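Q: Here's a structure for you.
Protein chains: 2
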Amino acid sequence: MTKTKSQKVYDYIEGLVISGEKKPGERLPSEAKLGEILNVSRVSVRAGIEKLSAIGLVTKRKGGGTYVNQPKNENYLSVFTPTLLHNTDYLELMEVRRALDALSVQLCAQHVIAGEKKRLGRIITRMEELEEEDDFFELDKKFHLLVSKYSRNRFLHNVHIIIWDVLQKTLRPKYAIVTKDSLAENIAHHKRIYDAIIHRDVDLARIYTVHHLEKVIDNFKCVYNEAYRAEKDKAQKKGT
Amino acid sequence: MTKTKSQKVYDYIEGLVISGEKKPGERLPSEAKLGEILNVSRVSVRAGIEKLSAIGLVTKRKGGGTYVNQPKNENYLSVFTPTLLHNTDYLELMEVRRALDALSVQLCAQHVIAGEKKRLGRIITRMEELEEEDDFFELDKKFHLLVSKYSRNRFLHNVHIIIWDVLQKTLRPKYAIVTKDSLAENIAHHKRIYDAIIHRDVDLARIYTVHHLEKVIDNFKCVYNEAYRAEKDKAQKKGT
DNA sequence: AAGGAACAATCTATAATACAACTTTTCGCA
DNA sequence: TGCGAAAAGTTGTATTATAGATTGTTCCTT
Numbered sequence: 744m745t746k747t748k749s750q751k752v753y754d755y756i757e758g759l760v761i762s763g764e765k766k767p768g769e770r771l772p773s774e775a776k777l778g779e780i781l782n783v784s785r786v787s788v789r790a791g792i793e794k795l796s797a798i799g800l801v802t803k804r805k806g807g808g809t810y811v812n813q814p815k816n817e818n819y820l821s822v823f824t825p826t827l828l829h830n831t832d833y834l835e836l837m838e839v840r841r842a843l844d845a846l847s848v849q850l851c852a853q854h855v856i857a858g859e860k861k862r863l864g865r866i867i868t869r870m871e872e873l874e875e876e877d878d879f880f881e882l883d884k885k886f887h888l889l890v891s892k893y894s895r896n897r898f899l900h901n902v903h904i905i906i907w908d909v910l911q912k913t914l915r916p917k918y919a920i921v922t923k924d925s926l927a928e929n930i931a932h933h934k935r936i937y938d939a940i941i942h943r944d945v946d947l948a949r950i951y952t953v954h955h956l957e958k959v960i961d962n963f964k965c966v967y968n969e970a971y972r973a974e975k976d977k978a979q980k981k982g983t
Numbered sequence: 744m745t746k747t748k749s750q751k752v753y754d755y756i757e758g759l760v761i762s763g764e765k766k767p768g769e770r771l772p773s774e775a776k777l778g779e780i781l782n783v784s785r786v787s788v789r790a791g792i793e794k795l796s797a798i799g800l801v802t803k804r805k806g807g808g809t810y811v812n813q814p815k816n817e818n819y820l821s822v823f824t825p826t827l828l829h830n831t832d833y834l835e836l837m838e839v840r841r842a843l844d845a846l847s848v849q850l851c852a853q854h855v856i857a858g859e860k861k862r863l864g865r866i867i868t869r870m871e872e873l874e875e876e877d878d879f880f881e882l883d884k885k886f887h888l889l890v891s892k893y894s895r896n897r898f899l900h901n902v903h904i905i906i907w908d909v910l911q912k913t914l915r916p917k918y919a920i921v922t923k924d925s926l927a928e929n930i931a932h933h934k935r936i937y938d939a940i941i942h943r944d945v946d947l948a949r950i951y952t953v954h955h956l957e958k959v960i961d962n963f964k965c966v967y968n969e970a971y972r973a974e975k976d977k978a979q980k981k982g983t
């Protein structure tokens with residue numbers, strides 16, 4: 744038997760959710776009943792449910808039952824522990840970002856409505872009136888996540904949330920250094936991306952975004968050149 | 744007591760890893776010993792470890808013990824799959840795929856080496872000699888995941904793994920219907936993408952890939968047109 | 001002495017049972 | 001009808017037992 748019984752339980756419940764048979768907020772059968780259904784002991788049922796609970800698909804209430812979770816990002820972002828983020832390569836991440844931001848800004852420019860334009864505008868204003876170390880990272884993050892949200896593509900937005908979460912936990916300490924000399928230029932980039940979105944100029948928005956990210960990547964390469972090479976060599980050697 | 748015993752176990756082990764007391768690759772104390780240390784039963788120990796295993800911090804080996812995982816992306820990114828399952832629309836997913844496959848095929852064409860070309864070639868051959876329902880989905884998946892792997896961008900590859908996991912779990916049953924009439928064309932697409940990769944023609948590989956995915960999307964829209972519209976309307980209304 | 005095969009110890013996987021703690025439902029009483 | 005207490009249902013934990021897998025050791029063969 745290649746599949747453990749707890750995995751059988753895991754797959755079964757996951758299947759219930761995927762198929763829509765059990766929707767967010769609904770209660771699952773009790774552990775005893777699941778055991779009968781799948782012909783396994785309660786121990787195995789609990790093991791499977793424990794996993795699903797760990798990744799945030801279900802919530803257990805002592806004495807109350809087990810419920811399918813609402814699909815909220817907070818539910819699963821919590822599983823990120825700092826220890827798990829060592830191995831992420833910044834340049835690989837940014838390469839993916841370049842592709843995905845290009846897409847999201849296009850979709851955003853197509854679908855954005857008046858209220859959303861305003862909200863983006865407020866962020867740009869705050870960027871331009873930035874005081875001292877007024878947490879440019881937060882504004883940067885907020886701007887790009889809003890753009891991806893306004894793309895109306897939920898999957899795209901979720902991936903962006905993951906990316907920024909990883910960025911926040913890996914890059915944050917170094918962020919000030921990376922953006923130090925190019926902050927003004929960086930803000931100007933956001934400004935013209937914003938303008939292109941406002942005017943629904945899809946192509947221009949994409950071009951400016953790709954250019955923006957390439958500048959950020961270049962800048963990072965300059966600052967972290969030696970450190971990066973050393974890291975990359977090590978990873979390369981390890982991978983073979 | 745607000746904290747369950749299994750949570751106590753969870754926190755204890757997480758603490759061991761974060762503090763560096765237990766490093767990646769090392770074995771944890773056995774379940775029985777952990778029970779003694781924390782003064783809880785083995786059931787509670789197992790529940791806690793089960794969770795840690797679900798989020799990819801540790802790996803259990805039956806008969807062998809429990810080990811701290813290497814901190815790799817693929818270990819924890821899979822956590823997102825269930826959540827992405829919830830509110831993911833096929834067309835949204837494919838929109839993202841179009842962007843990411845374009846990137847991965849470019850990188851693949853740049854970096855691919857002889858042995859990898861061969862492996863891709865074997866898949867193409869199997870596609871062309873396809874017998875009956877010889878699981879085209881598996882070949883399709885394998886081809887694209889290899890391309891993303893050969894892109895040498897681990898993060899990109901990980902996101903692709905998630906995407907295909909979601910596709911497998913949501914689209915698989917309908918896959919035969921979607922590809923029925925266009926199977927030959929679909930295979931031809933893969934063939935010419937493969938040829939472009941072989942000749943390291945980065946631009947052509949990208950163009951063919953984007954074209955391929957747009958065809959797939961179009962085809963899906965035709966087949967599932969009515970069903971899709973209904974779903975979309977419902978989601979729209981729900982979202983407001 | 002080196003290599004390998006059998007054996008013992010260790011450990012996780014699963015099961016069955018029991019009880020505690022908590023929640024939800026039901027039902028009787030005012 | 002409304003309220004509260006009992007009852008039923010459900011998860012959390014503990015105990016005990018067995019099966020199955022891995023690891024480590026011993027001892028035999030060459």
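Protein sequence lines, in the order shown, are assigned to chains A and B. Final position of the first sequence in the working numbering is 983; the numbers increase by one with none missing. Final position of the second sequence in the working numbering is 983; the numbers increase by one with none missing. From the three backbone atoms N, C-alpha and C, an ideal C-beta is built for every residue, glycine too. Keep in mind it's a predicted model, so treat the numbers as computed, not measured.
1) Identify the residues that DSSP records as bridge partners of threonine 802 of chain A: which are they?
2) Checking the sheet assignment: what are the DSSP bridge partners for arginine 770 of chain A?
3) Grab me the residues of arginine 949 of chain A's own chain with a C-beta within less than 7 Å of its C-beta, minus the 5 sequence neighbours each way, in chain order.
4) Sort B/Ala790, B/Gly807, B/Gly799 by Cα distance to arginine 770 of chain B and report the nearest one.
5) Return yes when the Cβ of methionine 870 of chain A is within less than 9 Å of the Cβ of isoleucine 930 of chain A, no when it is not.
6) Under the assumption that valine 855 of chain A contacts tyrosine 893 of chain A (Cβ atoms under 8 Å), give the Cβ distance between them as a whole number of angstroms.
7) Helix, strand or coil: how does DSSP classify serine 784 of chain B here?
8) Flag valine 801 of chain B as yes if its beta-carbon sits less than 9 Å from any beta-carbon of chain A, otherwise no.
9) Which whole runs of the alpha helix (DSSP H) in the segment 926–963 of chain B are 4 residues long or more, in chain order?
10) For a cutoff of 9 Å on Cβ pairs, would you count valine 788 of chain A as touching chain B?
11) Taking the alpha helix (DSSP H) that valine 848 of chain A falls in, what are its first and last residues?
12) Thinking C-beta only, is leucine 947 of chain B closer than 9 Å to serine 891 of chain B?
13) Quick one, are the C-beta atoms of isoleucine 940 of chain A and cysteine 851 of chain A less than 9 Å apart?
14) Thinking C-beta only, is isoleucine 866 of chain A closer than 9 Å to leucine 889 of chain A?
15) Alpha carbon to alpha carbon, how far is asparagine 901 of chain A from tryptophan 907 of chain B? Give it in angstroms, no decimals.
16) Return the residue from the list B/Asp883, B/His942, B/Gln911 that minimises the CA-CA distance to histidine 932 of chain B.
17) Any beta-carbon of chain A closer than 9 Å to the one on alanine 852 of chain B?
18) Buried or exposed: aspartate 805 of chain A, going by 16 or more other Cβ atoms within 10 Å of its Cβ?
19) With a 10 Å radius around its C-beta and 16 neighbouring C-beta atoms as the bar for buried, classify alanine 790 of chain A as buried or exposed.
20) Counting only C-beta atoms, is leucine 781 of chain B closer than 9 Å to chain A at any point?
21) Is the beta carbon of glutamine 911 of chain A closer than 9 Å to that of phenylalanine 880 of chain A?
22) Going along the segment 890–909 of chain A in order, which residues come within less than 7 Å of chain B, judged by CB to CB distance?
23) Do you know offhand how far lysine 794 of chain A's Cα is from glutamate 757 of chain A's?
24) Just to confirm the assignment, what range does the alpha helix (DSSP H) spanning tyrosine 753 of chain A have?
25) State buried or exposed for methionine 744 of chain B, treating a residue as buried only when at least 16 other CB atoms are found within 10 Å of its CB.
A: By the coordinates alone:
1) A/Tyr810
2) A/Tyr810
3) The answer, listed in chain order, is Ala845, Val848, Gln849.
4) B/Gly807
5) Taking 9 Å as the Cβ cut-off, isoleucine 930 of chain A and methionine 870 of chain A qualify as a contacting pair.
6) 5 Å
7) coil
8) no
9) 926–941
10) no
11) 833–854
12) no
13) Their beta carbons are under 9 Å apart, which means isoleucine 940 of chain A touches cysteine 851 of chain A by this criterion.
14) For leucine 889 of chain A and isoleucine 866 of chain A, yes; Cβs fall inside 9 Å.
15) 16 Å
16) B/Asp883
17) Interface flag for alanine 852 of chain B against chain A is unset, since no Cβ pair is found closer than 9 Å.
18) Just to set this straight, residue 805 of chain A is lysine in the shown sequence, not aspartate. Burial call: exposed.
19) Burial state of alanine 790 of chain A is buried, judged by a 10 Å Cβ sphere holding 16 or more other Cβ atoms.
20) no
21) Yes, the pair counts as a contact, with Cβ atoms nearer than the cut-off.
22) Asn896, Arg897, Phe898, Leu899, Asn901, Val902, Ile905
23) 11 Å
24) 748–762
25) Since pLDDT at methionine 744 of chain B reaches only 49, below the 50 mark, its modelled position is unreliable, and the value read off the structure follows with that caveat. Residue environment for methionine 744 of chain B: exposed (fewer than 16 other C-beta atoms within 10 angstroms of its C-beta).
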